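Since the structure comes first, as structure tokens, the remarks are kept for the end.
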Amino acid sequence: MRTMDTLDAANTIMERADAIGAISEEPDRRTRRYGTPAMRQVDDLVAAWMRAAGMEVRTDAIGNLIGRYEAAAPNAKTLLLGSHLDTVRDAGRYDGPLGVLVALTAVERLDARGERLPYAVELYAFADEEGLRYHSGYLGSRVVAGAWNPDYLTVTDSDGITLEQAIREFGGDPDTLAVAARPADDLLGYVEVHIEQGPVLEHRDLPVGIVTTIQAASRRTVVFSGEAGHAGTVPMALRHDALTAAAEFVLAVERQGREAPGLVATVGQLGVEPGASNVIPGRVTLSLDVRHPDAETLRDASRALEERSAAIAARRGLRVEWNEAGIGEAVECSPRLRMLLAQAVQAAGIEPFELPSGAGHDGAALSRLTDIAMLFVRCKGGISHNPAESVTAADVAAALDVLERFLTLLAGASNGE
Ligand code: HGY
Ligand code: MN
Ligand code: MN
361 MRTMDTLDAA NTIMERADAI GAISEEPDRR TRRYGTPAMR QVDDLVAAWM RAAGMEVRTD
421 AIGNLIGRYE AAAPNAKTLL LGSHLDTVRD AGRYDGPLGV LVALTAVERL DARGERLPYA
481 VELYAFADEE GLRYHSGYLG SRVVAGAWNP DYLTVTDSDG ITLEQAIREF GGDPDTLAVA
541 ARPADDLLGY VEVHIEQGPV LEHRDLPVGI VTTIQAASRR TVVFSGEAGH AGTVPMALRH
601 DALTAAAEFV LAVERQGREA PGLVATVGQL GVEPGASNVI PGRVTLSLDV RHPDAETLRD
661 ASRALEERSA AIAARRGLRV EWNEAGIGEA VECSPRLRML LAQAVQAAGI EPFELPSGAG
721 HDGAALSRLT DIAMLFVRCK GGISHNPAES VTAADVAAAL DVLERFLTLL AGASNGE
């Protein structure tokens, strides 16, 4: 049974998640895109909590918020903790913020006890994990990991604002992003607490689980170009309707996802131009998110879908373009850190259970820089990317308890070096 003060701390985490969740750029749903005033508001709130927890606070060249809690002695190693504060559209309260808040609370409780670890702790509240505004997720953690691609800077959002402008307006410095990577020589690793966003822990009746791998993922846009025309005069047989071609392709994506074992494939966005009820759609842009535990299988599935889209376009007399998007390779979590997490879970009186992550996380980007590990927290019905996302204070207390035990075990295992 968790101690009362851990449960009290978990209740504070829930209250803080509600306070963060109340901040949105849209009046009737929870949305926080990179670089918006809503993100500034959340960063200011979290920065105040970080300072009150005894951390030195700064922001980096892309606007990640970073709190550092010094070690007991100088020249010690550093453990990175973190997650993200941006959201998808119409989001829940916990995807991202829960990880930041559990880590922040663990540091806050160290500070309250006047304790220092033999290593420093740096807490990253990443500025853009979901990629909602610029369609290329993990911008914040890519900068930290040294995986920044300057080509991103010219991408525009739905208002025509380039990422470069957005970074400057957010107080960042686009000119230094390519050299803003965090040095890795002092790192002990990166650990992220995150909701599972799936039903497995609930099914196993476990409050937390340890992540084995983060699956490979690709995100791109596909454009079908046909011929806009008058809805009343162009005979059906003479049309080059971009929307009906896209619709056929969307169903082909679903079929491929259903038929290929372990594959998931999603079209989440679809833009129809010119978008008038009496005009045959001339151009459709759709998003394509494809994932699989194995990157090679993912590449094969993407190739098959590209061929499918070309066949649909040819038969209907249209053109189709695929914009090249990187494939995020599948990422193994560190056996060393997983073993320490398992010991911490066991010591917390919970059965250690390992599971893969279907969702992408900042840890995948940071795995270029250092060893990573993730602790999943059960979420109701596995629902996420949905305002109905929900966790219990008891499970949050379990995660906090496990993280605190992990910090102690890491101190013993590393003694700061
Ligand atoms: O898309 C994902 O898996 C993550 O939520 N960005
Ligand atoms: Mn997330
Ligand atoms: Mn997410």
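Just so we're aligned: the sequence shown equals residues 361 to 777 in the working numbering.
Heads up, the beta-carbon is just placed ideally off N, CA and C, and yes, glycines get one too.
The model shown is predicted, which means the values in this text are computed figures rather than measured ones.
Exercise. Among 482, 654, 516, 741, which has the Cα closest to the Cα of residue 543?
Worked result: Locating residue 543 in the sequence shown gives position 183, counting from the first residue. Of the residues 482, 654, 516, 741, the one whose Cα lies closest to the Cα of residue 543 is 482.
Problem set entry | Neighbourhood of residue 468 by C-beta, 6 angstroms cutoff - its chain only, sequence neighbours within 5 removed | The sequence position of residue 468 within the sequence shown is 108, counting from 1. Counting only residues of its own chain and dropping the five nearest sequence neighbours on each side, residue 468 has a CB closer than 6 angstroms to the CB of 413.
Exercise. Should residue 316 be counted as a contact of ligand 1 given a C-beta to heavy atom distance under 8 angstroms?
Worked result: Limits of the chain in this structure are 361 at one end and 777 at the other, which puts residue 316 out of reach.
Exercise. What's the gap between the Cα of residue 785 and the Cα of residue 590?
Worked result: The first residue shown for the chain is 361 and the last is 777, placing residue 785 beyond what the model contains.
Exercise. Just the Cα atoms here: how many angstroms apart are residue 402 and residue 391?
Worked result: Your numbering for residue 402 matches position 42 in the sequence shown. Your numbering for residue 391 matches position 31 in the sequence shown. Their backbone Cα atoms lie some 12 angstroms apart in a straight line.
Exercise. So which residues touch the region around ligand 2, with touch meaning a C-beta under 5 angstroms from any heavy atom?
Worked result: Listed along the chain, these residues meet the criterion: 455, 456.
For this session: Jot down the residue ranges of each uninterrupted alpha helix (DSSP H) in the stretch 663 to 735, minimum 4 residues, whole runs only, in chain order.
Result: As far as the stretch 663 to 735 is concerned, its whole alpha helix (DSSP H) runs of at least 4 residues are 695 to 707, 722 to 726.
For this session: Return yes when the C-beta of residue 720 is under 8 angstroms from any heavy atom of ligand 1, and no when it is not.
Result: Here the question's residue 720 lines up with position 360 in the sequence shown. Indeed, a heavy atom of ligand 1 lies less than 8 angstroms from the Cβ.
Exercise. Regarding residue 577 and ligand 1, is the C-beta to nearest heavy atom distance less than 8 angstroms?
Worked result: Here residue 577 refers to the residue found at position 217 of the sequence shown. The closest heavy atom of ligand 1 lies less than 8 angstroms from the beta carbon of residue 577.
Exercise. Exposed or buried, which one is residue 389 when buried takes at least 16 other CB atoms within 10 Å?
Worked result: Here residue 389 corresponds to residue number 29 of the sequence shown, with the count starting at 1. Residue environment for residue 389: exposed (fewer than 16 other C-beta atoms within 10 angstroms of its C-beta).
Exercise. Between residue 633 and ligand 1, is the CB less than 8 angstroms from at least one heavy atom?
Worked result: Stepping through the sequence shown from its first residue, residue 633 is reached at position 273. Distances taken from the Cβ of residue 633 to the heavy atoms of ligand 1 include none shorter than 8 angstroms.
For this session: Kindly identify the DSSP beta-bridge partner or partners of residue 630.
Result: Looking up residue 630 in the sequence shown gives position 270. Looking at the DSSP assignment, residue 630 forms a beta bridge with 646.
For this session: Express the C-alpha separation of residue 687 and residue 578 in angstroms, rounding to a whole number.
Result: Translated into positions along the sequence shown, residue 578 becomes position 218. Translated into positions along the sequence shown, residue 687 becomes position 327. Distance from the CA atom of residue 578 to the CA atom of residue 687, rounded to whole angstroms, is 5 angstroms.
Exercise. Taking Cβ to Cβ, would you say residue 601 is nearer than 9 angstroms to residue 586?
Worked result: Locating residue 601 in the sequence shown gives position 241, where the first residue counts as 1. Locating residue 586 in the sequence shown gives position 226, where the first residue counts as 1. Yes, the Cβ-Cβ distance between residue 601 and residue 586 is below 9 angstroms.
Exercise. Quick one, are the C-beta atoms of residue 370 and residue 754 less than 9 angstroms apart?
Worked result: Here residue 370 refers to the residue found at position 10 when the sequence shown is read from its first residue. Here residue 754 refers to the residue found at position 394 when the sequence shown is read from its first residue. Pairing residue 370 with residue 754 gives a Cβ-Cβ distance under 9 angstroms.
Exercise. Do you know how far the Cα of residue 680 is from the Cα of residue 674?
Worked result: Position 314 of the sequence shown, counted from the start, is the residue given in the question as residue 674. Position 320 of the sequence shown, counted from the start, is the residue given in the question as residue 680. A direct Cα-Cα distance of roughly 9 angstroms separates residue 674 from residue 680.
Exercise. Ends of the beta strand (DSSP E) at residue 552?
Worked result: As a position in the sequence shown, residue 552 is number 192, starting the count at 1. 547 to 555 is the extent of the beta strand (DSSP E) around residue 552.
Problem set entry | Where residue 712 falls, given that 16 or more other Cβ within 10 Å makes a residue buried | Translated into the one-based positions of the sequence shown, residue 712 becomes position 352. Buried.
For this session: Could you check what DSSP says for residue 396 in three-state terms: helix, strand or coil?
Result: Here residue 396 is taken as the residue at index 36 of the sequence shown, counted from 1. In the three-state DSSP reduction, residue 396 falls in the coil class, being neither helix nor strand.
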